[in-house]
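Just below is one structure, and these are the notes that go with it.
Number of protein chains: 4
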Amino acid sequence: MAGDHEQRETPVSMTLAEARDLLARANRILAHEGVLDAFGHVSLRHPTNSQRYLLSRSRGPELVQPEDVLEFDLDSAPIKPPTARLYSERVIHGEIFKARPEVMAVCHHHASSILPFCVTGTVMRPVNHLGATMGVKVPLWDSRDEFGNTNLIVAKPEEGASLARALGPNWTVLMRRHGATVAGRTLEELVFRCIYTVRNAAMQIQAEMLGGFEPLNAEETELAGSFNLQPGPLDRAWEYWSARLDKVEGANTAKLKVSKVKRAAPKTAAASKSAKKKATKRVKRRR
Amino acid sequence: MAGDHEQRETPVSMTLAEARDLLARANRILAHEGVLDAFGHVSLRHPTNSQRYLLSRSRGPELVQPEDVLEFDLDSAPIKPPTARLYSERVIHGEIFKARPEVMAVCHHHASSILPFCVTGTVMRPVNHLGATMGVKVPLWDSRDEFGNTNLIVAKPEEGASLARALGPNWTVLMRRHGATVAGRTLEELVFRCIYTVRNAAMQIQAEMLGGFEPLNAEETELAGSFNLQPGPLDRAWEYWSARLDKVEGANTAKLKVSKVKRAAPKTAAASKSAKKKATKRVKRRR
Amino acid sequence: MAGDHEQRETPVSMTLAEARDLLARANRILAHEGVLDAFGHVSLRHPTNSQRYLLSRSRGPELVQPEDVLEFDLDSAPIKPPTARLYSERVIHGEIFKARPEVMAVCHHHASSILPFCVTGTVMRPVNHLGATMGVKVPLWDSRDEFGNTNLIVAKPEEGASLARALGPNWTVLMRRHGATVAGRTLEELVFRCIYTVRNAAMQIQAEMLGGFEPLNAEETELAGSFNLQPGPLDRAWEYWSARLDKVEGANTAKLKVSKVKRAAPKTAAASKSAKKKATKRVKRRR
Amino acid sequence: MAGDHEQRETPVSMTLAEARDLLARANRILAHEGVLDAFGHVSLRHPTNSQRYLLSRSRGPELVQPEDVLEFDLDSAPIKPPTARLYSERVIHGEIFKARPEVMAVCHHHASSILPFCVTGTVMRPVNHLGATMGVKVPLWDSRDEFGNTNLIVAKPEEGASLARALGPNWTVLMRRHGATVAGRTLEELVFRCIYTVRNAAMQIQAEMLGGFEPLNAEETELAGSFNLQPGPLDRAWEYWSARLDKVEGANTAKLKVSKVKRAAPKTAAASKSAKKKATKRVKRRR
Chain F
1 MAGDHEQRET PVSMTLAEAR DLLARANRIL AHEGVLDAFG HVSLRHPTNS
51 QRYLLSRSRG PELVQPEDVL EFDLDSAPIK PPTARLYSER VIHGEIFKAR
101 PEVMAVCHHH ASSILPFCVT GTVMRPVNHL GATMGVKVPL WDSRDEFGNT
151 NLIVAKPEEG ASLARALGPN WTVLMRRHGA TVAGRTLEEL VFRCIYTVRN
201 AAMQIQAEML GGFEPLNAEE TELAGSFNLQ PGPLDRAWEY WSARLDKVEG
251 ANTAKLKVSK VKRAAPKTAA ASKSAKKKAT KRVKRRR
Chain B
288 MAGDHEQRET PVSMTLAEAR DLLARANRIL AHEGVLDAFG HVSLRHPTNS
338 QRYLLSRSRG PELVQPEDVL EFDLDSAPIK PPTARLYSER VIHGEIFKAR
388 PEVMAVCHHH ASSILPFCVT GTVMRPVNHL GATMGVKVPL WDSRDEFGNT
438 NLIVAKPEEG ASLARALGPN WTVLMRRHGA TVAGRTLEEL VFRCIYTVRN
488 AAMQIQAEML GGFEPLNAEE TELAGSFNLQ PGPLDRAWEY WSARLDKVEG
538 ANTAKLKVSK VKRAAPKTAA ASKSAKKKAT KRVKRRR
Chain X
575 MAGDHEQRET PVSMTLAEAR DLLARANRIL AHEGVLDAFG HVSLRHPTNS
625 QRYLLSRSRG PELVQPEDVL EFDLDSAPIK PPTARLYSER VIHGEIFKAR
675 PEVMAVCHHH ASSILPFCVT GTVMRPVNHL GATMGVKVPL WDSRDEFGNT
725 NLIVAKPEEG ASLARALGPN WTVLMRRHGA TVAGRTLEEL VFRCIYTVRN
775 AAMQIQAEML GGFEPLNAEE TELAGSFNLQ PGPLDRAWEY WSARLDKVEG
825 ANTAKLKVSK VKRAAPKTAA ASKSAKKKAT KRVKRRR
Chain P
862 MAGDHEQRET PVSMTLAEAR DLLARANRIL AHEGVLDAFG HVSLRHPTNS
912 QRYLLSRSRG PELVQPEDVL EFDLDSAPIK PPTARLYSER VIHGEIFKAR
962 PEVMAVCHHH ASSILPFCVT GTVMRPVNHL GATMGVKVPL WDSRDEFGNT
1012 NLIVAKPEEG ASLARALGPN WTVLMRRHGA TVAGRTLEEL VFRCIYTVRN
1062 AAMQIQAEML GGFEPLNAEE TELAGSFNLQ PGPLDRAWEY WSARLDKVEG
1112 ANTAKLKVSK VKRAAPKTAA ASKSAKKKAT KRVKRRR
């Protein structure tokens, strides 16, 4: 989305260990907030090698721990020989990371409120400023167009590439008779977009049933989407979902604040200043 | 609402500490009962200075503690220099406190059941006596009318003032493509109105889908609304939501009854009698 | 309902203490299962004096303990001078106990799934055998017919009597723009009927939205309703809801089995045999 | 479903004790995931005697423990004289086990999202690949056709046989004005099919309300259904639901992995190799 608001970026000085931990948390947050269940998955581009990405082994997201997180190249081949099952649909992530250099995180899900839009002609539209984070345009991809009747699993590189083409420069793509795939410039932005798009979909269905639904227009969608993806709202929402997860997992939030921030040694003095600034952001983010 | 029923008032003898504690609890009650999530906020006019109000720093309401509660003047400027982010939309509170001297509490939310009414032409109406607390009239405000396409955030004083004008003498105003703002003569009344209006909205949508919906008429709405905002129903509901919150937070209710009531020294003998009567009320309220 | 199936009766040898404990549990079960929230109430006719009934003081049902349970005469006057607020609408219970000698328990509620039927013309009908317990006929009472515009609270004896007349020989009566009132020949039957009628209502709304809803016919409703109100299904459901309540309250179920059965000394040898048989039933019921 | 994908089978080397434990867990998983409540039940064909099946005594599934699981012959007579009530509708299981030698598990339920399809003319169809596990065809059985007005309880052998005929070679049969019955080639497959069919039904109702619902076609349904019933997806989902159950029950998953796998001594060297391979599968399954 255009605009010169401060973009939130997963800092390049994040270590691989921090990235695995953050991604594992994002898995469990998205599960706890109803976006993911036994199926679906979320990835994070490698913090120091843009030609790799991180994704859990095949496991329900609610259960994902840092040690489950594996590394893949952009062809979705595992870097190390796998000792556990892998997600069949990991090409969804690899192909989007290839097509979109600015995308740092991808989520594929089958959230219940979204599916009705994937099997009818109704276009997903924002009901309010928070849903505007879905993006101005939400394309619809139908595997049948290119591939005919399949088992609907996006497992082949060409299927992932087709989906990435359908996503285009947008942030959310619906997959006919399947679910949705969402992209973000940071993991926090991705999580925010997933959750609020899922909430928005449920409200839109209710509005469609009342009749006379008038959504945000394109300019409102751009302005509101940009606003809500600034650090203020993103931090506030992440802290909230993170604290809720901690409650459910019985963790001590204060303890977590300390333990989750593992600061990498900066490479240069300039990077040091930058790292210091970003580390301060990371502390706030992990509440 | 007219009528000579006993009005429940947040007693003027409440100390600032008690007010901050009560407001923090109201934040967490509204979050726990599904009115607020990561976003939205609730305020309380200062107990001893009507030209100030209390509002948390920018934080998900479910997490708000007394120490998060800050003081603002009615232009929504913080009294002390802020050390944390502030809610962007605090002018909603300040402008309503200016416009409505009898209002002691305000809540701004985006509850899911309300949004469908904010994006369609359907008028919100009470399905039963509890929903009647929404008020006889629920106006609809559209920021586009005065301000054109915006990011929908009510951040500028003139936007807050416009919303306050739309609210008028009513208790609930819907905000097109955004959410709702609710006012109350006490914090308990506000919380009651928020929760039961949200429940009512969900039931009204179901009724609209069955067809042939006939709500309460204006006189029933006034009579039922008045009745349910008396101390009896308000206390009962507050005790219920408070106890549910305590269960979730793992608190000991008996312990809370003692610790939460911090009695202020009354100023005069007359105030002493009055304070004694109101303190008795406060004990019941905080269960 | 006609039929010579074994009827489940709250045994006359239950002591007052056991009755208060059972009623308090029923309050908390109905709250936990979504029939009651801050409002609504449930009563039990006195186990040894049919001219009295038991009802909690005014309190959210989720919080009701045995010591909250008070005694009333059938004019709904408290037997002892009250030291706490009483439910304004207790005449609902008293008037139904007067009109229906076989009724041992009454519940008044505002469950969300029922309200849409209270404000539209749609008739409540069973979707399956469990919902058949609502009864073959579910009348609709409108306070406006006799009383014009009111605050909808059924507080006056004549209002309660009017409602009891509308209930007639049936088991469930809907109250326009208010909620529902349900009767039962035992407390277990009442709880079963309340919960399954509330579940049924939600399913019927969905069925109405799909279109072409065909409910159980009158004979199926009678047969299925009778079947499900036998001791087998009633015990099974009570055990289930009771165990769920214990989990939420952190109680030890095994401990409860022993402690909750306080056997009264039977009056005669015949009553002794009968009491022994009913005590065995009570053990099963309280699991 | 046709296809040469690896089928997951409950291994014949499972002991009776392991089978009872697995079935008890399946009961509690299905209750926790919203398929079963106080009513409904799930069975497993005896691991070493195809002329018998396992089913709990009459009890809410959420409460079923291994010691509740009893043995029945295919006429649904208990092998040992019963000391507790039995499910009235156990003939549903016996008759399907008779009619379908490949079926190893059966579930009968009244899940809320399914009932609207049981009382209207709407045909249940998959919205996505996970719902495709319902099968290509979902027949509808109406007890009234053969038996006229009844209490809707499928208690007589001829009623169970009629239902089994209606199920035919399919995997899910809807029961008019009652609920549904589901079959599976293994218990894990059955649980997966139950849960995802229930989720699918809720999404289909929403899609029907938006209008223009286009489901998976027959070939997609076959391909997607087959894919999702392979060990990969089945294991992942079982682990997820099992872990969620453990959290709710406060159990230690690591501890459970060890205690639940009781390996039977294999009969021959060949069986030993096979048992070793299947035991490895069992360890993964029980996570």
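Protein chains in written order, with the numbering used here: chain F, 1 to 287; chain B, 288 to 574; chain X, 575 to 861; chain P, 862 to 1148. The beta-carbon is built from N, C-alpha and C at its ideal position, and this holds for glycine as well.
(message) Going residue by residue through the stretch 887-973 of chain P, where are the continuous alpha helix (DSSP H) segments of at least 4 residues, counting only ones entirely within it?
(response) Fully enclosed alpha helix (DSSP H) runs of 4 or longer: 952-960.
(request) Kindly indicate which residue of B:R412, B:R377, B:V478 and B:R472 has the alpha-carbon position closest to the one of B:G321. (result) As a position in the second sequence, residue 321 of chain B is number 34, starting the count at 1. When each option's Cα is compared against that of B:G321, the closest is B:V478.
(message) I want to verify the contact list: residues of chain P whose CB lies under 9 Å from the CB of F:G60, in sequence order.
(response) Translated into the one-based positions of the first sequence, residue 60 of chain F becomes position 60. Those are R1097, A1098, E1100, Y1101, W1102, A1104 and R1105, listed as they occur along chain P.
(message) Helix, strand or coil for P:G848? Go by DSSP, reduced to three states.
(response) This structure leaves residue 848 of chain P out entirely; chain P is present only between 862 and 1148.
(message) So B:V378 and B:L310 are supposed to be a Cβ contact under 8 Å. How far apart are they, rounded?
(response) Here residue 378 of chain B is taken as the residue at index 91 of the second sequence, counted from 1. Here residue 310 of chain B is taken as the residue at index 23 of the second sequence, counted from 1. Not confirmed; about 18 Å, so no contact.
(request) Return the first residue and the last residue of the alpha helix (DSSP H) that P:L1090 is part of. (result) Numbered from its first residue, the fourth sequence carries residue 1090 of chain P at position 229. Counted as a single uninterrupted DSSP element, the stretch harbouring P:L1090 is not any alpha helix (DSSP H), since DSSP gives it neither H nor E.
(request) Kindly say whether P:I1014, judged by its beta-carbon, lies nearer than 8 Å to any beta-carbon of chain X. (result) Here residue 1014 of chain P refers to the residue found at position 153 of the fourth sequence. So, interface residue.
(request) Give the DSSP-derived three-state secondary structure of P:T1042 in the structure shown. (result) As a first step, residue 1042 of chain P is located in the fourth sequence; it is residue number 181 there, counting from the start. Reduced to three states, the DSSP call for P:T1042 is strand.
(request) Please state if the CB of B:H416 and the CB of B:G466 are separated by a distance shorter than 8 Å. (result) Here residue 466 of chain B corresponds to residue number 179 of the second sequence, with the count starting at 1. Here residue 416 of chain B corresponds to residue number 129 of the second sequence, with the count starting at 1. No, they are not a contact pair.
(message) 8 Å is my cut-off, CB to CB: does P:L891 come that close to chain F?
(response) Position 30 of the fourth sequence, counting from 1, holds the residue named residue 891 of chain P. Residue contact check for P:L891 against chain F: no CB pair falls below 8 Å.
(message) With H, G and I counted as helix, E and B as strand and the rest as coil, what does DSSP make of B:W525?
(response) As a position in the second sequence, residue 525 of chain B is number 238, starting the count at 1. Here B:W525 sits in helix by DSSP.
(request) Under 6 Å Cβ to Cβ from X:V680, same chain only, skipping five residues before and after it: list those, please. (result) If you number the third sequence from 1, residue 680 of chain X lands on position 106. Close CB contacts of X:V680 within its chain, under the 6 Å cut and outside five residues either way in sequence, are with S617, H667, I670 and A757 (chain order).
(message) Which residues in chain A have a C-beta closer than 8 Å to the C-beta of F:F117? List them in chain order.
(response) Considering every chain present, this structure includes no chain A. Its protein chains are F, B, X and P.
(request) Give a yes or no on whether 8 Å exceeds the smallest Cβ distance from X:E794 to chain P. (result) Position 220 of the third sequence holds residue 794 of chain X. The beta carbon of X:E794 sits closer than 8 Å to some beta carbon of chain P.
(request) Sort B:K424, B:T473, B:F404 and B:F359 by Cα distance to B:G455 and report the nearest one. (result) Numbered from its first residue, the second sequence carries residue 455 of chain B at position 168. Nearest neighbour of B:G455 by Cα position, chosen from B:K424, B:T473, B:F404 and B:F359, turns out to be B:K424.
(message) Closest to X:V747 by C-alpha separation, out of X:A593, X:N723, X:D716 and X:N601, would be which residue?
(response) The count along the third sequence starts at 1 and reaches residue 747 of chain X at position 173. Closest option to X:V747, Cα to Cα, is X:D716.
(request) Give the straight-line distance between the Cα atoms of P:D882 and P:E1049, rounded to the nearest whole angstrom. (result) As a position in the fourth sequence, residue 882 of chain P is number 21, starting the count at 1. As a position in the fourth sequence, residue 1049 of chain P is number 188, starting the count at 1. So the two alpha carbons sit approximately 13 Å from each other.
(message) Counting only Cβ-Cβ distances shorter than 7 Å, please list the residues of the stretch 1014-1046 of chain P near chain X, keeping chain order.
(response) Along the stretch 1014-1046 of chain P, the positions whose C-beta sits under 7 Å from a C-beta of chain X are I1014, R1038, H1039 and G1040, read in chain order.
(request) For F:A38, count neighbouring C-beta atoms within 10 Å of its own C-beta (all shown protein chains included) and say buried if the count is 16 or more, exposed if not. (result) As a first step, residue 38 of chain F is located in the first sequence; it is residue number 38 there, counting from the start. With 16 or more other Cβ atoms inside 10 Å of its own Cβ, F:A38 counts as buried.
(message) Taking a contact to mean a Cβ-Cβ separation below 8 Å, would you say B:L516 touches B:T420 in this structure?
(response) Indexing the second sequence from 1 puts residue 516 of chain B at position 229. Indexing the second sequence from 1 puts residue 420 of chain B at position 133. Here B:L516 is near B:T420, since their CB atoms are less than 8 Å apart.
(message) Please report the distance separating the alpha-carbon of F:S76 from that of F:G160.
(response) To locate residue 76 of chain F, count along the first sequence from 1; it is residue 76. To locate residue 160 of chain F, count along the first sequence from 1; it is residue 160. The alpha-carbon separation between F:S76 and F:G160 amounts to approximately 10 Å.
(message) So for F:L140, helix, strand or coil by DSSP?
(response) One-based indexing of the first sequence puts residue 140 of chain F at position 140. DSSP places F:L140 in strand when its eight states are reduced to three.
(message) What I want to know is whether the C-beta of F:L245 ends up closer than 7 Å to one or more non-hydrogen atoms of the ligand ATP.
(response) As presented, the structure is devoid of all ligands, the ligand ATP included, so that no description of it is given.
(request) Measure from the alpha carbon of X:L590 to the alpha carbon of each residue in X:R602, X:S624 and X:I603, then state which is nearest. (result) Position 16 of the third sequence holds residue 590 of chain X. For the residues X:R602, X:S624 and X:I603, the minimum Cα distance to X:L590 belongs to X:S624.
(message) Counting only Cβ pairs nearer than 8 Å, list the residues of chain B close to X:T696.
(response) In the third sequence, residue 696 of chain X corresponds to position 122, counting from 1. Correct list: L497, G498 and G499.
(request) Using a Cβ-Cβ cut-off of less than 7 Å, list which residues of the stretch 126-150 of chain F approach chain P; keep chain order. (result) For the stretch 126-150 of chain F, which is checked against every Cβ of chain P, the residues closer than 7 Å are N149 and T150.
(request) Could you name the residues of the same chain whose beta carbon sits closer than 7 Å to that of F:Y196, not counting the 5 residues immediately before and after it, in chain order? (result) One-based indexing of the first sequence puts residue 196 of chain F at position 196. For F:Y196, where only same-chain residues beyond five positions count, the Cβ hits under 7 Å are L130, G131 and T133.
(message) Does the CB of X:R659 have a neighbour CB from chain B at under 8 Å?
(response) Counting from one through the third sequence, the residue named residue 659 of chain X turns up at place 85. With 8 Å as the cut-off, X:R659 counts as an interface residue toward chain B.
(message) For the beta strand (DSSP E) containing P:V1034, name the first residue and the last one.
(response) Start at 1 with the first residue of the fourth sequence, and residue 1034 of chain P comes out as number 173. Here the beta strand (DSSP E) through P:V1034 covers T1033 to M1036.
(message) For F:D73 and F:F227, I'd like the C-alpha separation in whole angstroms.
(response) For this step, residue 73 of chain F is matched to residue 73 along the first sequence. For this step, residue 227 of chain F is matched to residue 227 along the first sequence. In a straight line, the C-alpha of F:D73 is about 33 Å away from that of F:F227.
(request) Give the range of the alpha helix (DSSP H) segment to which P:M1070 is assigned. (result) Locating residue 1070 of chain P in the fourth sequence gives position 209, where the first residue counts as 1. From DSSP, the alpha helix (DSSP H) with P:M1070 extends over L1048 to L1071.
(request) Report yes or no: is there a C-beta of chain F within less than 8 Å of the C-beta of P:L1077? (result) As a first step, residue 1077 of chain P is located in the fourth sequence; it is residue number 216 there, counting from the start. P:L1077 counts as touching chain F.
(request) Taking F:G160 as part of the alpha helix (DSSP H), name the residues at either end of that continuous run. (result) Your numbering for residue 160 of chain F matches position 160 in the first sequence. Segment P157 to L167, the alpha helix (DSSP H) holding F:G160.
(message) Please classify B:G408 as buried or exposed, where buried requires at least 16 neighbouring CB atoms within 10 angstroms.
(response) For this step, residue 408 of chain B is matched to residue 121 along the second sequence. Of the other Cβ atoms in all chains shown, fewer than 16 fall within 10 Å of the Cβ of B:G408; this residue is therefore exposed.
(message) Just to check my reading of the structure: P:A1068 and F:P116 have Cβ atoms closer than 8 Å, yes? What is that Cβ distance to the nearest angstrom?
(response) Taking the fourth sequence and counting its residues from 1, the one referred to as residue 1068 of chain P is at position 207. Taking the first sequence and counting its residues from 1, the one referred to as residue 116 of chain F is at position 116. Contact flag correct, Cβ pair sits at about 4 Å.
(request) May I ask which residues mark the beginning and end of the alpha helix (DSSP H) holding P:F1074? (result) Here residue 1074 of chain P refers to the residue found at position 213 when the fourth sequence is read from its first residue. For P:F1074, there is no enclosing alpha helix (DSSP H), as DSSP marks it with neither H nor E.
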